[in-house]
Amino acid sequence: MLTLEETEKNIMKQLEDANKSTIVLVGDSGMGKTWMARKISELDKYDTLWVYLTEKYDINLFYEDIAKQYLSLSPITEEWKHDEDETPLFVIKVESKEEKADQKEESKIQNKMREIGHALSRENKHLLLVLDDLGNNNDGRLYVKLRDKWESLFSPKFHNHLKIIITTRELRDRNEQQTIEVIDFPKHLQPQESLELLDRSVDKNVLEKSVFQQLREAIKDGKSEGIHEISVFTFQSARAEFSHP
1 MLTLEETEKN
11 IMKQLEDANK
21 STIVLVGDSG
31 MGKTWMARKI
41 SELDKYDTLW
51 VYLTEKYDIN
61 LFYEDIAKQY
71 LSLSPITEEW
81 KHDEDETPLF
91 VIKVESKEEK
101 ADQKEESKIQ
111 NKMREIGHAL
121 SRENKHLLLV
131 LDDLGNNNDG
141 RLYVKLRDKW
151 ESLFSPKFHN
161 HLKIIITTRE
171 LRDRNEQQTI
181 EVIDFPKHLQ
191 PQESLELLDR
201 SVDKNVLEKS
211 VFQQLREAIK
221 DGKSEGIHEI
231 SVFTFQSARA
241 EFSHP
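Once you know that position 1 of the sequence shown is 1 in UniProt numbering, the rest is easy, because the numbers rise by one and skip nothing.
And the structure:
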């Protein structure tokens with residue numbers, strides 16, 4: 001099984017393959033799928049739309065995500081959340097809004113995205129769509145709907161600049177298409193990999209607490225069997241305690 005570093009190199013290689021449009025990251029919670037997708041999305045060669053899939057996610061919410069992240073069409077509030085890998089994510093939430101994306105807004109979004117597509121193609125950059133946590137519903141039909149809608153927003157000649165990363169805990173259908181690459185994450189992490197995930201997942205002021213210093217030392221020394229897998233979860237219960245004075 002590849003290490004996280006080797007996995008990252010493999011993902012980058014597949015993203016650079018013109019014949020691959022979708023990369024599926026498969027693995028248990030806490031193994032760094034979302035963290036890896038976030039790390040790659042921050043590279044200069046990508047402009048990214050990040051979608052965190054909830055059980056009730058649909059095309060209307062997809063339009064809202066595009067509008068919020070690219071068009072600033074909706075009044076928003078901001079907050080931090082943690083995903084299934086316990087990675088801190090900066091989440092933009094739409095305030096109470098009953099109306100759905102209508103045809104006029106869809107047209108506005110399409111025109112804007114085509115402008116963005118032309119600009120990125122001139123810079124030889126890719127537009128990356130991250131569908132995070134498809135494992136909540138395992139609905140391949142949702143992926144197909146979002147992919148088709150995503151591609152419809154752009155001119156066909158820009159489609160080779162579109163890339164998709166999916167994170168999921170399991171993949172029932174392994175009948176891979178030629179344009180899809182499935183990458184399995186390791187079942188176990190090396191101590192240094194666990195430390196890196198822990199450091200990225202916990203606020204600095206929380207890491208300074210003695211219990212986390214002890215946890216880091218235990219991970220580093222490998223004194224506790226299985227601690228590498230659970231390390232990114234152990235801080236969850238303590239976080240509530242430390243959030244109060």
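In this text, a Cβ means the ideal position worked out from N, Cα and C, and glycines have one as well.
- Task: Report the rounded CA-to-CA distance for Ser106 versus Leu71, giving the unit in angstroms.
- Result: Position 106 of the sequence shown holds residue 106. Position 71 of the sequence shown holds residue 71. Note that residue 106 is Glu in the sequence shown, not Ser. Approximately 12 Å between the Cα atoms of the pair.
- Any contact of the stretch 158-173 with the stretch 28-44, i.e. 3+ C-beta pairs under 8 Å? yes
- Rounded separation between Val51 and Leu131 - CA only: Counting from 1 along the sequence shown, the entry for residue 51 is found at position 51. Counting from 1 along the sequence shown, the entry for residue 131 is found at position 131. Straight-line Cα distance between these residues: approximately 5 Å.
- Given a cut-off of 8 Å, decide if Ile219 and Pro186 are closer than it, judged by their beta-carbon atoms. Along the sequence shown, one-based indexing puts residue 186 at 186. Along the sequence shown, one-based indexing puts residue 219 at 219. Their beta carbons are not under 8 Å apart, which means Pro186 does not touch Ile219 by this criterion.
- Minimum C-alpha distance to Leu197 - residue among Glu6, Arg216 and Ser21: Looking up residue 197 in the sequence shown gives position 197. Of the listed residues, the one whose Cα sits closest to Leu197 is Arg216.
- Item | Alpha carbon of Glu229 to alpha carbon of His188, nearest angstrom | Your numbering for residue 229 matches position 229 in the sequence shown. Your numbering for residue 188 matches position 188 in the sequence shown. Any reading at Glu229 must be qualified, since the residue scores a pLDDT of 44, below 50, and its modelled position is unreliable; no value is offered.
- Which stretch, first to last residue, makes up the beta strand (DSSP E) that contains His118? Locating residue 118 in the sequence shown gives position 118, where the first residue counts as 1. That residue, His118, is in no beta strand (DSSP E); its alpha helix (DSSP H) goes Gln103 to Arg122.
- Item | Distance between Arg122 and Asp199 (C-alpha atoms, nearest Å) | What you label residue 199 is simply residue 199 of the sequence shown in a count that begins at 1. What you label residue 122 is simply residue 122 of the sequence shown in a count that begins at 1. C-alpha separation (whole angstroms): 37 Å.
- Which of the three DSSP states, helix, strand or coil, is assigned to Thr179? Along the sequence shown, read from residue 1 onward, the residue named residue 179 stands at position 179. Thr179: coil per DSSP, three-state reduction.
- Query: Taking all protein chains shown into account, do 16 or more other C-beta atoms lie within 10 angstroms of the C-beta of Lys163, making it buried, or fewer, making it exposed?
  - Reply: Taking the sequence shown and counting its residues from 1, the one referred to as residue 163 is at position 163. Buried is the call here.
- Residue range of the beta strand (DSSP E) that includes Tyr52: Position 52 of the sequence shown, counted from the start, is the residue given in the question as residue 52. Counting along the chain, the beta strand (DSSP E) containing Tyr52 begins and ends at Tyr46 to Tyr52.
- Task: Please report how far the alpha carbon of Lys125 lies from the alpha carbon of His118, in whole angstroms.
- Result: As a working mapping, residue 125 is identified with position 125 in the sequence shown. As a working mapping, residue 118 is identified with position 118 in the sequence shown. C-alpha separation (whole angstroms): 10 Å.
- Query: How about Asp47 and Leu153: are their beta carbons less than 8 Å apart?
  - Reply: As a working mapping, residue 47 is identified with position 47 in the sequence shown. As a working mapping, residue 153 is identified with position 153 in the sequence shown. Cβ distance not < 8 Å, so Asp47 and Leu153 don't count as in contact.
- If you follow the beta strand (DSSP E) that Asp148 is part of, which residue opens it and which one closes it? Counting from 1 along the sequence shown, the entry for residue 148 is found at position 148. Unbroken run through Asp148 is the alpha helix (DSSP H), Gly140 to Ser152; no beta strand (DSSP E).
- Taking Gly27 as the reference, give the member of Leu146, Leu134 and Ile59 with the closest Cα. Your numbering for residue 27 matches position 27 in the sequence shown. Looking at the Cα atoms, Leu134 is the closest of the given residues.
- Can you tell me whether DSSP reads residue 253 as helix, strand or coil? No statement about residue 253 is possible, as the shown extent of the chain runs from 1 to 245 and does not include it.
- Closest to Leu61 by CA distance: which of Asp221, Leu146 and Lys20 is it? By one-based count along the sequence shown, residue 61 stands at place 61. When each option's Cα is compared against that of Leu61, the closest is Leu146.
- Message: To the nearest angstrom, how far is the alpha carbon of Lys157 from that of Ser194?
- Response: For the purposes of this step, residue 157 is identified with residue 157 of the sequence shown, where counting begins at 1. For the purposes of this step, residue 194 is identified with residue 194 of the sequence shown, where counting begins at 1. If I take the Cα positions, the gap works out to 42 Å.
- Straight-line CA distance for Gln177 to Lys9? Within the sequence shown, residue 177 is the residue found at index 177, counting from 1. Within the sequence shown, residue 9 is the residue found at index 9, counting from 1. Straight-line Cα distance between these residues: approximately 21 Å.
- Go ahead and pull the three-state DSSP assignment for Leu2. Counting from 1 along the sequence shown, the entry for residue 2 is found at position 2. DSSP places Leu2 in coil when its eight states are reduced to three.
- Pairwise C-alpha distance: Lys112 and Phe242: Here the question's residue 242 lines up with position 242 in the sequence shown. Here the question's residue 112 lines up with position 112 in the sequence shown. Low confidence applies to Phe242: its pLDDT is 48, below 50, so where it sits in the model is not reliable enough to give any reading.
- Confirm, please, whether the CB-CB distance from Leu128 to Ser21 is below 8 Å. Against the sequence shown, residue 21 aligns to sequence position 21. Against the sequence shown, residue 128 aligns to sequence position 128. It is not a contact, given that the beta carbons lie outside the stated cut-off.
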